[in-house]
Structures are given as structure tokens and as C-alpha cells.
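Undergrad: Questions regarding the structure given below will be posed in turn.
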Amino acid sequence: MIEIDRIGFAIGKSEILNGVSAQLPRAKMTAIIGPNGAGKSTLLSLIARLIPPASGTIRVGGYDVQQTASDTLARILAVLRQENVIASRLRVRELVGFGRFPHTRGQPDAQDGEKIQWALDLMALSPFADRFLDQLSGGQRQRALIAMILCQDTDYILLDEPLNNLDLFHSRKLMQVLQDMAHRLGKTPVLVIHDINYAAKYADNILAMKQGGVFANGPTQAIFENHLLSDLFDTPIRIHQIDGQPVAMHH
Ligand SMILES: Nc1ncnc2c1ncn2[C@@H]1O[C@H](COP(=O)(O)OP(=O)(O)O)[C@@H](O)[C@H]1O
Ligand SMILES: [Mg+2]
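Terminal number for the sequence shown in my numbering: 888, no gaps in between.
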């Protein structure tokens with residue numbers, strides 16, 4: 638479980654998060670949705686301890702992230718940031734191999750090699766494994782970053798807009814992989830996602846954020862409600878049930 642308790646965060650005089658509390662259950666997939674600037678990426682960065690909070694605490698699997706050593710934390714959680722600056726003169730296999738670093742400390746064994754190959758196959762990257770990152774399309778590069786994160790093999794997997802640049806085939810595949818990891822392997826994926834219909838189809842729970850606070854948090858079916866989503870996005874949205882699945886349409 639991820640326990641977020643009264644987290645406040647500010648940049649200078651502007652308040653970015655205004656006391657966010659939420660519990661994200663383990664072995665479930667949680668989607669974080671909400672308008673641009675709501676604080677979604679900031680919250681993810683705080684959970685991953687990429688930035689320190691002004692107030693409040695966050696526990697991941699019982700570990701207070703502020704009090705946990707970096708090498709321990711790196712074996713508990715992995716994070717894909719929204720913006721990534723990566724050295725272009727790096728080969729795909731090398732990048733994915735970085736995911737093993739918290740486990741190997743630079744001494745990879747055969748098992749690490751298998752994990753790297755597993756992640757490459759999962760993201761359909763084997764044909765590109767020996768290419769440099771600047772020889773890939775945007776979507777292929779995004780898949781390489783995701784493969785690195787999955788290769789880290791952590792219980793908690795935080796992904797900020799992982800579907801960026803991914804086509805329909807790879808978006809669907811990634812969501813299925815993450816859902817499977819949650820339901821079969823007991824892992825806890827938490828992802829920021831803009832396409833709310835992917836959230837509707839695959840996420841167990843939804844954390845909706847607006848203006849630096851929690852707007853709603855609960856099971857997907859409860860969040861997929863006309864008024865709630867319309868108010869969240871200040872846009873008229875109507876939910877239709879198609880094949881037992883909520884589908885949001887704006888009009
Ligand atoms: N370095 C910064 N300086 C000032 N404001 C920032 C900075 N980074 C982010 N913000 C502001 O913090 C708010 C939340 O940003 P963010 O967490 O990235 O939103 P989201 O991911 O939901 O789109 C936004 O209003 C954004 O403009
Ligand atoms: Mg963001």
C-alpha cells in the first residue's frame with residue numbers, strides 16, 4: 638500500500654499540493670487522472686522521493702520514503718518520469734540493463750541477463766536491442782524506458798504518462814502487462830494517464846486530482862460518473878456502458 642498523509646508542497650510562494658491524503662492499495666492498479674497542472678507529476682515525484690515534501694509523510698510498503706536509504710528504496714519502487722533526458726549514445730540493451738543496477742551494483746549475472754531479455758521481449762524491443770537510443774522513434778524510445786523500469790522488478794511501479802507516444806497496440810499491451818502484474822504477481826502499478834478510457838478499462842482504482850488536491854479517490858466504477866468527470870475536467874462528459882465497460886465521451 639502507498640499511504641499519502643497530508644502532503645504539502647510549494648515552490649516559492651505558490652502552493653502546488655495543499656495537503657494531499659490518499660491510500661493506494663497494493664496489488665491493484667491505480668490511475669491518477671486530472672487536468673494539466675493538477676499536481677499529478679508532483680505527487681508521483683514525492684512518492685518516489687525525487688523531491689522532498691514541505692509537510693506530511695508518504696509510506697510505500699510500510700517504508701517512510703523520507704527515512705529510507707536510496708538503495709533500499711530502489712528495490713521497492715521504480716519510477717518513470719514524464720520528461721526524460723537520456724544519453725543518446727547508449728544502446729537499448731544498456732539502458733534496460735540500468736534497471737538491474739539496484740540489485741547488482743554493477744556486477745550483473747546470468748539471471749540479470751535473463752531479466753533484461755525478458756523486459757526487451759515484453760516491450761517488443763529485441764529487434765532494436767543493439768541500436769543507439771537516438772536511432773529509435775519516440776514510441777520505441779518510450780518503450781525502452783518502460784522496459785528499464787520493469788527490469789528493476791520492484792513491487793511498486795510509478796509511471797508518469799507512460800502511454801505518451803505509444804500506438805494503440807503498444808498502449809493496450811502495456812496496460813495488459815501492468816494489470817497482469819497487479820493481479821497475478823501482486824505488484825502495485827500507479828500511473829498518470831490522460832486517456833480516461835484506458836483508465837476505465839484497466840485500472841482498479843482512480844485518484845482524481847484537481848488544483849493541487851484530491852478531487853476523488855475510489856474504485857473505477859465509482860469515479861466514472863457523469864457529474865464527477867465533467868466537474869473534474871470542466872467539460873461536459875457522458876459515460877456510456879459498452880460491453881459492460883464504462884466509456885467516457887465528451888460533447
Ligand atoms: N519548477 C516549477 N516552478 C513553478 N511552478 C511549477 C514548477 N513545476 C511545476 N509547477 C507548477 O506546479 C503545478 C503542478 O504541476 P504538475 O505536478 O507537473 O502537474 P500535472 O502533472 O498534474 O500536469 C502546475 O501548476 C505547474 O505549473
Ligand atoms: Mg504531469
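We put the CB at the ideal spot given by N, CA and C, even for glycine.
Measuring only the C-alpha atoms, how far is S707 from I670?
TA: Their backbone Cα atoms lie some 28 Å apart in a straight line.
Undergrad: Could you compute how far the alpha carbon of A845 sits from the alpha carbon of V827?
TA: In a straight line, the C-alpha of A845 is about 12 Å away from that of V827.
Undergrad: Once DSSP output is grouped into helix, strand and coil, what is the label at L803?
TA: It is coil, neither helix nor strand.
Undergrad: Whose beta carbon lies closer than 5 Å to any heavy atom of ligand 1, going through the chain in order?
TA: Those residues are I648, I653, N673, G674, A675, G676, K677, S678, T679, given in chain order.
Undergrad: Applying the criterion that 16 or more other CB atoms from any shown protein chain within 10 Å of the CB defines a buried residue, is P799 buried or exposed?
TA: Buried is the call here.
Undergrad: If we call anything under 8 Å between Cβ atoms a contact, is K665 one with A819?
TA: Yes, they are a contact pair.
Undergrad: Can you tell me the Cα-Cα spacing of D832 and V729, whole angstroms?
TA: Going from the Cα of D832 to the Cα of V729 covers about 27 Å.
Undergrad: Cα separation between N863 and M886?
TA: In a straight line, the C-alpha of N863 is about 10 Å away from that of M886.
Undergrad: Take S894 and list the residues in its own chain whose beta-carbon comes closer than 6 Å to its own, dropping the five residues that flank it on each side.
TA: Given a span of 638 to 888 for the chain in the structure shown, any question on residue 894 remains unanswerable.
Undergrad: For R737, tell me which candidate among I786, T694, I879 has the shortest Cα-Cα distance.
TA: Per the Cα distances, I786.
Undergrad: With a Cβ-Cβ cutoff of 8 Å, do A747 and L762 count as a contact?
TA: No, these two residues do not count as a Cβ contact at 8 Å.
Undergrad: Hey, Q621 and A837: beta-carbon distance below 8 Å or not?
TA: Outside the shown range of the chain (638 to 888) lies residue 621, about which nothing can therefore be said.
Undergrad: Can you tell me which of D880, I879, K847 puts its alpha carbon nearest to the alpha carbon of G656?
TA: Nearest C-alpha to G656: K847.
Undergrad: Relative to the alpha-carbon of I684, which residue among T872, G849, E640, I753 has its alpha-carbon at the smallest distance?
TA: Ranking the options by Cα distance to I684, first place goes to E640.
Undergrad: Quick one, are the C-beta atoms of D642 and T679 less than 8 Å apart?
TA: No; because the gap between Cβ atoms is not below 8 Å, this pair is not in contact.
Undergrad: Measuring CA to CA, which of N834, R726, R742, V814 is closest to D767?
TA: Selected option, being the one with the closest Cα: R726.
Undergrad: Is Q878 helix, strand or coil when you go by DSSP?
TA: Reduced to three states, the DSSP call for Q878 is strand.
Undergrad: In whole angstroms, what is the alpha-carbon distance linking M760 and L811?
TA: Rounded to whole angstroms, M760 to L811 spans 8 Å at the Cα level.
Undergrad: Can you tell me whether D832 sits near ligand 2, meaning its C-beta is under 7 Å from at least one heavy atom of the ligand?
TA: Flag unset: Cβ of D832 not near ligand 2.
Undergrad: Are the CB atoms of L771 and R718 nearer to each other than 8 Å?
TA: With the sequence shown as reference, residue 771 is identified as Asp, and Leu is not the correct amino acid for it. Going by C-beta atoms, D771 is not nearer than 8 Å to R718.
Undergrad: Which stretch, first to last residue, makes up the beta strand (DSSP E) that contains I639?
TA: Element bounds for I639: 639–648.
Undergrad: Whose CA, out of I713, L865, G674, lies closest to the CA of G823?
TA: Of the candidates I713, L865, G674, the one whose C-alpha sits nearest the C-alpha of G823 is I713.
Undergrad: Return yes when the C-beta of V829 is under 7 Å from any heavy atom of ligand 2, and no when it is not.
TA: Yes, since a heavy atom of ligand 2 falls inside the 7 Å radius drawn around the Cβ of V829.
Undergrad: Measure how close the beta-carbons of G912 and D758 come, nearest whole angstrom, since I'm counting them as under 8 Å.
TA: Because the chain is modelled from 638 through 888, residue 912 falls outside the range shown and cannot be assessed.
Undergrad: By a C-beta neighbour count over all protein chains shown, 10 Å radius and 16 as the cutoff for buried, is V851 buried or exposed?
TA: Label assigned to V851: buried.
Undergrad: Ligand 2 heavy atoms versus the CB of Q719: any closer than 7 Å?
TA: Q719: yes, Cβ under 7 Å from ligand 2.
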